[in-house]
Each structure stands twice: as structure tokens, then as C-alpha cells.
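Visitor: This structure is in C-alpha cells; I'll ask about it shortly.
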Amino acid sequence: MIKRFKWVEIGVLVLLGLSPLVQASPKHEPYHRDKPPVVKVVKVEKRAPGMARPPAAHQRVRYNHGDYYVANGRWYKPAAGRYVQVAPPYGVTVRQLPRGARQVWVHGVKYHQAAGSYYQWHGKQGYYQVVRIPRG
């Protein structure tokens, strides 16, 4: 029964391919020899992603000879004359957690999570360090 349906489908496709309804007629051709084709020029301004300046109320963090800017738990870095959002580099330290950070315990170790990044407190030194996502 399946073979019969395949042959019916093939026959229908062959008949449609030979039908004059499917074949293109020359009167619908877009190109005319006596008229040049009309081309519309549309100006598209390509803008680099990011912001023109760092966000208001930001904190500047220097790390590995580069500047990062932190605002509302989000990290930004200058790139091509703009400021683009990036993940904080692992190992960078900050004295204060971003607003909205919450505690997360993984295998008995306390981390702080803010905006998808994880921080770990180093009490003796008095700073938080950005660490890789803990496995758990």
C-alpha cells in the first residue's frame, strides 16, 4: 500500500512539472532591455553594540592592564569606542558585592551570585573574587 502512494505522488509531481500552469511565461520577466532595472538605495547605518559611555553610577575596576566598569552587577569593557557588556574576568577582586547578590551554597562552600557571575569571599584579605561557576 505504501508503494502505491509513492507512485501516485511521483505521477502527480511529473504531471505538475509538465503542466503549463507551473512553467514561467516570458511576460513576467523583471528585466526589460529598453528600460534599466530600478534600484532603490536604502541607507542602513550600522551601529556597534554597546553604549557610548559607561553607565551612570559605575565603579571602575582595573585588571590585567585593562579597565572594566561595574554598574548594577553588570560588567562593561571599552571596545571600539563603545562600552560593551562582558562577563567579569575570573580572578578579579572587588571590595563590595553588586547589588542584588544572593548566597549560594555548593558542596558546603558559600558563594555569592550576581548577574550570572559567582564571587567568593576572602576574609583575611577583605575582598570578593570572581570565580568560575561551581560544579554541583
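In my numbering, the protein residues as written are 2 to 137.
Note that beta-carbon positions come from the ideal geometry of N, C-alpha and C, so glycine has one too.
Grab the span of the beta strand (DSSP E) containing G67 for me, first residue to last.
Guide: Run containing G67: 67-72, per the beta strand (DSSP E) assignment.
Visitor: Are at least three pairs of beta-carbons, each pair with one atom in the segment 76-83 and one in the segment 101-108, less than 8 Å apart?
Guide: Flag = no, the segment 76-83 and the segment 101-108 do not touch.
Visitor: Run through the DSSP bridge pairs and tell me what Q97 is partnered with.
Guide: Paired residues: none, contrary to the question.
Visitor: Would you tell me roughly how many angstroms separate the C-alpha atoms of P135 and V87, rounded to the nearest one?
Guide: Spanning the two alpha carbons is a distance of roughly 19 Å.
Visitor: Using 8 Å as the threshold, is the C-beta distance between V93 and V131 below it?
Guide: Yes. Within cutoff.
Visitor: With distances taken Cα to Cα, identify the nearest neighbour of Q126 among R96, K111, R100, R133.
Guide: The shortest C-alpha separation from Q126 is found at R96.
Visitor: Identify, in the order they occur along the chain, each residue of the same chain with its Cβ nearer than 6 Å to the Cβ of Y84, setting aside the five sequence neighbours on each side.
Guide: Cβ within range, chain order: G51, M52, P55, Y77.
Visitor: Could you spell out the range, first to last residue, of the beta strand (DSSP E) harbouring P79?
Guide: Looking at the DSSP string, the run of the beta strand (DSSP E) that includes P79 is 75-80.
Visitor: Looking at C-alpha atoms only, which residue of N65, A80, A58, Y64 is the closest neighbour of R100?
Guide: The shortest C-alpha separation from R100 is found at A58.
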